[in-house]
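If you're matching them up, the sequences are chains A and B in order.
According to the UniProt record's numbering, the first sequence holds residues 1 to 332 in order.
According to the UniProt record's numbering, the second sequence holds residues 1 to 332 in order.
There are 2 protein chains.
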Amino acid sequence: MKLASLKHGRDGRLVVVSRDLTRATDAFIVVPTLQRALDEWERYAPALEALAEQLEHGSVPSFRFHEHDCAAPLPRAYARRHAAAWPAYPALLRQAAGAEAPAGEAAPLRHAASDAFLGPRDPLAHDDPAASLDLSAGLAVVTGDVPRGADAAAAAGAVRLVALVAEVIRHDRLRPDGLDLDGAEAPALAASLSPVAVTPDELGEAWRDGALHRKLLVSRNGKTLGCPESGADLGHSLVALVAEAARHRALGAGTIVSAGPVSNRGIDGGPGRAAAEGGAGHACLAEARAAEALTSGWARTPYLAAGDRFRIEMKDAGGHSIFGAIEHDVAG
Amino acid sequence: MKLASLKHGRDGRLVVVSRDLTRATDAFIVVPTLQRALDEWERYAPALEALAEQLEHGSVPSFRFHEHDCAAPLPRAYARRHAAAWPAYPALLRQAAGAEAPAGEAAPLRHAASDAFLGPRDPLAHDDPAASLDLSAGLAVVTGDVPRGADAAAAAGAVRLVALVAEVIRHDRLRPDGLDLDGAEAPALAASLSPVAVTPDELGEAWRDGALHRKLLVSRNGKTLGCPESGADLGHSLVALVAEAARHRALGAGTIVSAGPVSNRGIDGGPGRAAAEGGAGHACLAEARAAEALTSGWARTPYLAAGDRFRIEMKDAGGHSIFGAIEHDVAG
Numbered sequence: 001m002k003l004a005s006l007k008h009g010r011d012g013r014l015v016v017v018s019r020d021l022t023r024a025t026d027a028f029i030v031v032p033t034l035q036r037a038l039d040e041w042e043r044y045a046p047a048l049e050a051l052a053e054q055l056e057h058g059s060v061p062s063f064r065f066h067e068h069d070c071a072a073p074l075p076r077a078y079a080r081r082h083a084a085a086w087p088a089y090p091a092l093l094r095q096a097a098g099a100e101a102p103a104g105e106a107a108p109l110r111h112a113a114s115d116a117f118l119g120p121r122d123p124l125a126h127d128d129p130a131a132s133l134d135l136s137a138g139l140a141v142v143t144g145d146v147p148r149g150a151d152a153a154a155a156a157g158a159v160r161l162v163a164l165v166a167e168v169i170r171h172d173r174l175r176p177d178g179l180d181l182d183g184a185e186a187p188a189l190a191a192s193l194s195p196v197a198v199t200p201d202e203l204g205e206a207w208r209d210g211a212l213h214r215k216l217l218v219s220r221n222g223k224t225l226g227c228p229e230s231g232a233d234l235g236h237s238l239v240a241l242v243a244e245a246a247r248h249r250a251l252g253a254g255t256i257v258s259a260g261p262v263s264n265r266g267i268d269g270g271p272g273r274a275a276a277e278g279g280a281g282h283a284c285l286a287e288a289r290a291a292e293a294l295t296s297g298w299a300r301t302p303y304l305a306a307g308d309r310f311r312i313e314m315k316d317a318g319g320h321s322i323f324g325a326i327e328h329d330v331a332g
Numbered sequence: 001m002k003l004a005s006l007k008h009g010r011d012g013r014l015v016v017v018s019r020d021l022t023r024a025t026d027a028f029i030v031v032p033t034l035q036r037a038l039d040e041w042e043r044y045a046p047a048l049e050a051l052a053e054q055l056e057h058g059s060v061p062s063f064r065f066h067e068h069d070c071a072a073p074l075p076r077a078y079a080r081r082h083a084a085a086w087p088a089y090p091a092l093l094r095q096a097a098g099a100e101a102p103a104g105e106a107a108p109l110r111h112a113a114s115d116a117f118l119g120p121r122d123p124l125a126h127d128d129p130a131a132s133l134d135l136s137a138g139l140a141v142v143t144g145d146v147p148r149g150a151d152a153a154a155a156a157g158a159v160r161l162v163a164l165v166a167e168v169i170r171h172d173r174l175r176p177d178g179l180d181l182d183g184a185e186a187p188a189l190a191a192s193l194s195p196v197a198v199t200p201d202e203l204g205e206a207w208r209d210g211a212l213h214r215k216l217l218v219s220r221n222g223k224t225l226g227c228p229e230s231g232a233d234l235g236h237s238l239v240a241l242v243a244e245a246a247r248h249r250a251l252g253a254g255t256i257v258s259a260g261p262v263s264n265r266g267i268d269g270g271p272g273r274a275a276a277e278g279g280a281g282h283a284c285l286a287e288a289r290a291a292e293a294l295t296s297g298w299a300r301t302p303y304l305a306a307g308d309r310f311r312i313e314m315k316d317a318g319g320h321s322i323f324g325a326i327e328h329d330v331a332g
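Structure (C-alpha cells):
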C-alpha cells in the first residue's frame, strides 16, 4: 500500500493513496497519524491494507490526491540514522579535495535530524549568500520496532515503508572529511521525504537483497542531473544499515534509516560521465562538481541559487512515479 | 511546577509532582502526555500549573509518588542535541591521551538519540565484557518551539523544563578526538533523564545566566565520585546551546538540549582533586580515570561492572532533591 500525510498540525493527517497516485482516502477511521499506525502496526496495517484495496476498486469515498498538499509521510520522527551508503560519493569528494580516505568503515551511520521534515513541495530558503547550498537525493526506510542485535532477516522484516529522501546540505561548512568546520558533524540544514511512502511489497522485484533497484531521477530546472541506479555500487544495503543501526541499541517504531546520495561508479571506477553525456550523472551538486573538477579541472555546475527548481523522482517499470516527486523551489 | 511521566505505553502518563516529590496527581484531565503538553504549552501549562498549586494545598486527589514508577519525563523525544559544554572534560581526556585539541569551537552540538530514554531507575545491561562502560552526568533542557536564528533572550524564553541527564558511553569505542573507532560519532548506547523535570521558575536563584548553579551529586556504590558545580567552568550555558542549536534551523516543541558531563577545573586549572580528597571530583568515570592517570600515572577507578550502582542527584539550598535521582544498577 501507499501512504501519505496531508498537511495538518504537527503530525499530518494520514491518507491511503492509490497505486497510480491519483486518488486518496482518509485513514482517520482507522488511525489518524502514521506514527500511531507504526506504533501498533500489527493492529492497524490490516485495516489500512483493506482501505487500499477498496480504494483501488473504487468502493470507498475518495478524493483527488495532490502531492502539493502533502507533508512528509512522517512529518516528525523520533529517530533518524543516515549513511553515505554509496561509497563512490565520499570517494569522489575526497579525491577532488585531495584528502585521504578515513580508516574504518565506509558508511558510518550518524544521528540525523528527524524532528521537522520539509514537505515534498515546500520552498527552500536560501537567505545566506555565502552558503554553498546543495540537495542530496537518496532513499529511506521507516522501521517498526527492531530489537538490539537483530540479524539481517529480522531487519528486513522490520522495514515497514520505503520513501525517497533529500538532504539540504551547506557545503561551505564541510571539511573534506565530512565534518563541519567547527568540528561538529555535517550540517544538513533540512531534509524532506517523498510525498508517498510505500510498503516493500508494492515494489515487487525492484525490492530485493535489502535494496531498491531502480534509477533515481534527479533534475535541476528540467535538465537531468543524474539517473543513478540505486541498486548498484552499494556499500551497504538499506536493510544492512537497519541491522547496523540496531547493533548497539534497539530501534523504536517509526525510526527512519536513510542513505544518500545515490552514486554510481564510472565504467573505469572513476567519476563516471555526466547525465548530459549519457552517463548516470549525479544525485547531488557537490558530486557533479567533484567529477567536473577531476575530469576537466573546473567545477562548472553551480550550487543552488534562488529561482532553481530541484526535482527527485523514481519510476516503476511501467514509467509511473512510485513515490511522487520531491520538488523544491529555491527561494531567495 | 514539577512534571513526571509514569511508565505507561510508549509515551508515559503525565503526572504533576509535589515540590517535595512525595505526592503526585494525574494530569490526564488536562493532557495525557508531556509531548502533547509541549505541543500546545500556552494552552495546557496554565491548567497544569493550577493542578500543581492544588496539589500543594491538598485540594486535589493525589497518590504517593515513587521515582521507581517513572519513565523519563519525555520517554521519547523528536530531537536531542548534546554538547560537552564544560570544557575541562574533553581537555582532561585529550591531555591524558596525549591528543591535540581540535581546531574550532569547544562544544560542538551533535545530534543524539532521543527515541528511547531509559527510565531513571532502569537497570543497565552490561553483557559485553570488552565494553568500557561509563555513565556521564549532566543537565538537559526541554524547549518549546524556537525559531531559526533566535537570540539568547528568545532561547531563554523557550526553555520549558530542566532535568538531569545521564549518558551511557562505551569508552573502548572512542578515539581521543571523541569519534567512534569506525569514524562515526561517540556511541552513547543509551541515555536517561531524571524522574522529574521542572519549570525554570522552580529553581529560583539557582537558574540564572542561562545556567543552573547547583552541585551535581554523582556517586557509585554509595561513595561520592563527584559534586561539581554546574554553574562553574561552563564553556556554553544551556541557553547558549539552545540558541546555537537554533542557529541554522528551528527547534520543535519537545526538543532536548543536553550537556555533560559537568566538570570543574582544579584550582591550578589542572585535573582537580578527587572527591575523596575534598575536591569536586568527577561526573563520569572516564574523567576520574584521566585525572588519576595525569596525577599518579595510574587510572585506578574501574569502569562500570555488574553489581555497580550509579546515582545522580541535585539538591536545593534546603537539601531537598530537586529532580529526584537517576539511579542505575548495572546488570551482568
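The beta carbon of each residue, even a glycine, is placed where N, CA and C say it ideally should be.
Every value quoted in this text rests on a predicted model; they were computed, and no experiment measured them.
Task: Between the CA atoms of L92(B) and A290(B) - distance to the nearest angstrom - done: Reading the second sequence from its first residue, position 290 is the one you call residue 290(B). Reading the second sequence from its first residue, position 92 is the one you call residue 92(B). Each residue's Cα considered, the two are about 6 Å apart.
Open item on the list: Could you give the first and the last residue of the continuous beta strand (DSSP E) run that contains E167(B)?
Closed with: The residue labelled residue 167(B) in the question sits at position 167 within the second sequence. Counting along the chain, the beta strand (DSSP E) containing E167(B) begins and ends at 159 to 170.
TODO: Pull up the CB-CB distance for R220(A) and F310(A), whole angstroms please, since I reckon it's below 8 Å.
DONE: Looking up residue 220(A) in the first sequence gives position 220. Looking up residue 310(A) in the first sequence gives position 310. Their Cβ separation, rounded to whole angstroms, is 5 Å, which keeps R220(A) and F310(A) in contact under 8 Å.
Open item on the list: Just to make sure I have the definition right: I need the residues of chain A whose C-beta is within less than 7 Å of the C-beta of R10(B). Which are they?
Closed with: Here the question's residue 10(B) lines up with position 10 in the second sequence. Simply D39.
Task: Spatial neighbours of T22(A) in its chain, beta-carbon cut-off 8 Å, leaving aside the 5 residues before and after - done: Here residue 22(A) is taken as the residue at index 22 of the first sequence, counted from 1. If we look at T22(A) and ignore the five residues flanking it on each side, its Cβ neighbours are R64, F65.
Open item on the list: Does chain A have any CB closer than 7 Å to the CB of G332(B)?
Closed with: Within the second sequence, residue 332(B) is the residue found at index 332, counting from 1. No, its Cβ sits nowhere closer than 7 Å to a Cβ of chain A.
Open item on the list: Do L189(B) and A211(B) have their beta-carbon atoms positioned less than 7 Å apart in this structure?
Closed with: As a working note, residue 211(B) is residue 211 in the second sequence. As a working note, residue 189(B) is residue 189 in the second sequence. No.
TODO: Go to residue 365(A), then tell me how far its alpha helix (DSSP H) extends in each direction, as first and last residue.
DONE: This structure cannot speak to residue 365(A), because chain A is shown only from 1 to 332.
TODO: Identify whether E327(B) lies in helix, strand or coil by the three-state DSSP scheme.
DONE: In the second sequence, the residue the question calls residue 327(B) occupies position 327. Reduced to three states, the DSSP call for E327(B) is strand.
Task: Amino acids of chain B, ordered along the chain, whose beta-carbon sits closer than 7 Å to that of L189(A) - done: Here the question's residue 189(A) lines up with position 189 in the first sequence. Within chain B, the residues near L189(A) are H248, R249.
- [ ] Give a yes or no on whether the minimum CB-CB distance between Y303(A) and chain B is below 7 Å.
- [x] Residue mapping note: residue 303(A) aligns to position 303 of the first sequence, counting from 1. So no, Y303(A) is outside the interface.
Open item on the list: For a contact defined as C-beta to C-beta under 9 Å, what are the partners of Y89(A) on chain B?
Closed with: Here residue 89(A) refers to the residue found at position 89 when the first sequence is read from its first residue. In chain order: nothing, as chain B lies at least about 15 Å away.
Open item on the list: I'd like the ranges of any beta strand (DSSP E) spanning at least 3 consecutive residues and lying wholly in the region 250 to 312 of chain A.
Closed with: 256 to 259
Open item on the list: Closer than 8 Å between beta carbons: that is the criterion. Which residues of the region 51 to 81 of chain A meet it against chain B?
Closed with: R76, A77, Y78, A79
Task: Where the region 227 to 261 of chain B meets chain A: residues whose CB sits under 9 Å from a CB there - done: H248, R249, A250, L251, G252, A253, G254, T255
Open item on the list: DSSP three-state label for D128(B), please.
Closed with: Here residue 128(B) refers to the residue found at position 128 of the second sequence. Three-state result, D128(B): coil.
- [ ] Could you tell me whether the region 241 to 253 of chain B touches the region 75 to 82 of chain B, using the rule of 3 or more Cβ pairs below 8 Å?
- [x] yes
Task: Within 7 Å, strictly: CB atoms of A163(A) and A131(A) - done: Looking up residue 163(A) in the first sequence gives position 163. Looking up residue 131(A) in the first sequence gives position 131. It is not a contact, given that the beta carbons lie outside the stated cut-off.
Open item on the list: Assuming the contact rule is C-beta atoms closer than 8 Å, G233(A) and R208(A) should be a hit. Round their C-beta distance to whole Å, please.
Closed with: What you label residue 233(A) is simply residue 233 of the first sequence in a count that begins at 1. What you label residue 208(A) is simply residue 208 of the first sequence in a count that begins at 1. For clarity, residue 233(A) is Asp in the given sequence; the question names Gly instead. 16 Å between Cβ atoms; not a contact.
- [ ] Could you round the C-beta distance between H248(B) and D20(B) to whole angstroms and report it? I think they count as a contact, below 8 Å.
- [x] Sequence index remark: in the second sequence, residue 248(B) carries index 248 (1-based). Sequence index remark: in the second sequence, residue 20(B) carries index 20 (1-based). The Cβ separation is near 42 Å, so there is no contact.
Open item on the list: For L181(A) and E56(B), I'd like the C-alpha separation in whole angstroms.
Closed with: Counting from 1 along the first sequence, the entry for residue 181(A) is found at position 181. Counting from 1 along the second sequence, the entry for residue 56(B) is found at position 56. Confidence is the limiting factor: at L181(A) the pLDDT is only 46, short of 50, which leaves the residue's position unreliable, though a coordinate-based value still follows. Distance between the alpha carbons of L181(A) and E56(B) is about 50 Å.
- [ ] Give the straight-line distance between the Cα atoms of residue 338(B) and A47(A), rounded to the nearest whole angstrom.
- [x] Here chain B has residues from 1 to 332 only, and residue 338(B) is not among them.
Open item on the list: Given this structure, state the Cα-to-Cα distance separating R13(B) from V30(A), to the nearest angstrom.
Closed with: The residue given as residue 13(B) occupies position 13 in the second sequence. The residue given as residue 30(A) occupies position 30 in the first sequence. Between R13(B) and V30(A), the C-alpha separation is close to 23 Å.
Task: Beta bridge counterpart(s) of R81(B) as assigned by DSSP - done: For this step, residue 81(B) is matched to residue 81 along the second sequence. For R81(B), which the question treats as bridged, DSSP gives the partners H111(B), V257(B).
Open item on the list: Checking the sheet assignment: what are the DSSP bridge partners for E229(A)?
Closed with: Numbered from 1 along the first sequence, position 229 holds the residue referred to as residue 229(A). DSSP lists K215(A) as partners of E229(A).
TODO: Please list, in chain order, all residues of the same chain as R273(B) whose beta carbon is under 7 Å from its beta carbon, the five residues on each side excluded.
DONE: Sequence index remark: in the second sequence, residue 273(B) carries index 273 (1-based). Closer than 7 Å at the Cβ level, and outside the excluded window around R273(B), lie G266, G279.
TODO: Select from A305(A), G318(A), G324(A), F323(A) the residue whose C-alpha is nearest the C-alpha of P123(A).
DONE: Indexing the first sequence from 1 puts residue 123(A) at position 123. Of the candidates A305(A), G318(A), G324(A), F323(A), the one whose C-alpha sits nearest the C-alpha of P123(A) is A305(A).
Open item on the list: Which of the three DSSP states is assigned to R247(A) in this structure?
Closed with: For the purposes of this step, residue 247(A) is identified with residue 247 of the first sequence, where counting begins at 1. It is coil, neither helix nor strand.
TODO: Could you give the DSSP three-state label for A156(A): helix, strand or coil?
DONE: Start at 1 with the first residue of the first sequence, and residue 156(A) comes out as number 156. Looking at A156(A) - three-state DSSP - the assignment turns out to be helix.
Task: DSSP state of V242(A) mapped onto helix, strand, coil - done: Taking the first sequence and counting its residues from 1, one reaches residue 242(A) at position 242. Three-state result, V242(A): helix.
Task: C-alpha gap between A156(B) and H282(A), whole angstroms - done: Start at 1 with the first residue of the second sequence, and residue 156(B) comes out as number 156. Start at 1 with the first residue of the first sequence, and residue 282(A) comes out as number 282. So the two alpha carbons sit approximately 43 Å from each other.
TODO: Name the two residues that bound the continuous beta strand (DSSP E) containing L139(A).
DONE: Counting from 1 along the first sequence, the entry for residue 139(A) is found at position 139. 133 to 143 is the extent of the beta strand (DSSP E) around L139(A).
Open item on the list: Within the continuous beta strand (DSSP E) that includes R43(B), where are the two ends?
Closed with: Locating residue 43(B) in the second sequence gives position 43, where the first residue counts as 1. Counting along the chain, R43(B) falls outside any beta strand (DSSP E), though it belongs to the alpha helix (DSSP H) covering 41 to 57.
- [ ] Leaving aside the five residues before and after V60(A) along the sequence, list all residues of the same chain whose C-beta is less than 6 Å from its C-beta, in chain order.
- [x] Taking the first sequence and counting its residues from 1, one reaches residue 60(A) at position 60. Correct list, in chain order: T25, Q54.
Open item on the list: Rounded to the nearest angstrom, what separates D145(A) and W41(A) at their Cα positions?
Closed with: Looking up residue 145(A) in the first sequence gives position 145. Looking up residue 41(A) in the first sequence gives position 41. Computed Cα separation, rounded: 10 Å.
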